[in-house]
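*Asks:* Here the working numbering is used: the first residue of the sequence shown is 1, the next is one more, and so on.
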Amino acid sequence: MKLAKRPVLTTTALAAVTAATLFGATAGQAAASQPARVDAPAALKVPDGNRLTGVFSAAGVQTYTCANGAWTLLEPAATLWAKNDRSHRPVALHSRGPVWVSTVDGSAVNGAAVANSPKTGTIPELLLKSTATRGTGVFADVSYIQRLNTHGGVAPTTACTGTDQVSVPYSATYAFYKPAK
């Protein structure tokens with residue numbers, strides 16, 4: 001009898017899996033996701049003086065590792081696409097940091113959570129403040145990020161041992177803001 005191991009999807013694996021499909025996205029597709037506003041809980045309101053510059057749908061995993069007998073978040077790994085793109089052409093990757101990197105122009109933004117809004121049965125919605133940006137593309141000068149409309153991604157409630165890891169599927173909407181000029 002042949003035993004199959006369940007693969008754990010890590011940031012590196014996600015990048016490798018999606019790399020072949022990334023060349024179909026264009027900067028125009030990434031820029032096409034600029035609605036006037038998004039619905040967010042009051043606790044996740046972006047401070048005045050910032051404007052919405054992009055909204056992306058995302059799907060991926062939240063990977064948890066066993067630490068001292070409890071599940072602890074190791075890293076997210078997700079692919080983002082323009083919210084209105086029905087073919088889901090990848091335009092960015094989200095990974096540990098947290099960081100979002102454009103697969104179209106190489107720009108990137110790191111963030112740190114400053115507020116959260118819990119939701120039953122799913123990971124919380126978040127407001128993140130940019131801690132660093134790189135490049136001149138879609139993520140250049142991003143000031144805030146909202147993680148909204150979350151589904152799934154919750155750590156297991158079962159006990160764990162040793163170096164166990166588990167990847168839990170999730171989806172969300174990410175909204176990016178830049179300082180108003």
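Backbone N, C-alpha and C define an ideal beta-carbon position, used for all residues, glycine too.
These numbers come from a predicted model, not from an experiment.
1) Curious, which full-length beta strand (DSSP E) runs of at least 3 residues does the segment 49-127 contain?
2) Would you kindly work out how many angstroms separate the C-alpha atoms of residue 166 and residue 68, rounded to a whole number?
3) Counting only the same chain and skipping the five closest in sequence on each side, list residues whose C-beta sits under 6 Å from that of residue 118.
4) Going by alpha carbons, who is nearest to residue 108 out of 86, 161, 144, 170?
5) Could you name the residues of the same chain whose beta carbon sits closer than 8 Å to that of residue 27, not counting the 5 residues immediately before and after it, in chain order?
6) Got a sec? Which residues, its chain only, sit under 8 Å from residue 61 by beta carbon, not counting five neighbours each side?
7) What would DSSP say about residue 175, mapped onto helix, strand or coil?
8) With DSSP collapsed to three states, give me the class of residue 43.
9) Based on the DSSP secondary-structure assignment, which residues constitute the bridge partners of residue 152?
10) Sort 129, 163, 59, 85 by Cα distance to residue 172 and report the nearest one.
11) Please name the residue or residues paired with residue 132 in a DSSP beta bridge.
12) So, is residue 99 buried or exposed, given that buried needs 16 or more other C-beta atoms within 10 angstroms?
13) Could you check which residue in 39, 50, 41, 43 has the C-alpha nearest to that of residue 178?
*Replies:* In short, the structure shows the following:
1) 50-67, 70-82, 90-95, 99-102, 108-119
2) Distance between the alpha carbons of residue 166 and residue 68 is about 15 Å.
3) 124
4) When each option's Cα is compared against that of residue 108, the closest is 144.
5) Bear in mind that the predicted position of residue 27 carries a pLDDT of just 42, short of 50, making it unreliable; the figure below should be weighed with that in mind. 104, 105, 137, 138, listed in sequence order.
6) 9, 14, 76, 77, 78, 153, 167, 168, 169, 170
7) strand
8) helix
9) Residue pairing by DSSP places residue 152 opposite 170 in a beta bridge.
10) 59
11) Looking at the DSSP assignment, residue 132 forms a beta bridge with 110.
12) buried
13) 50
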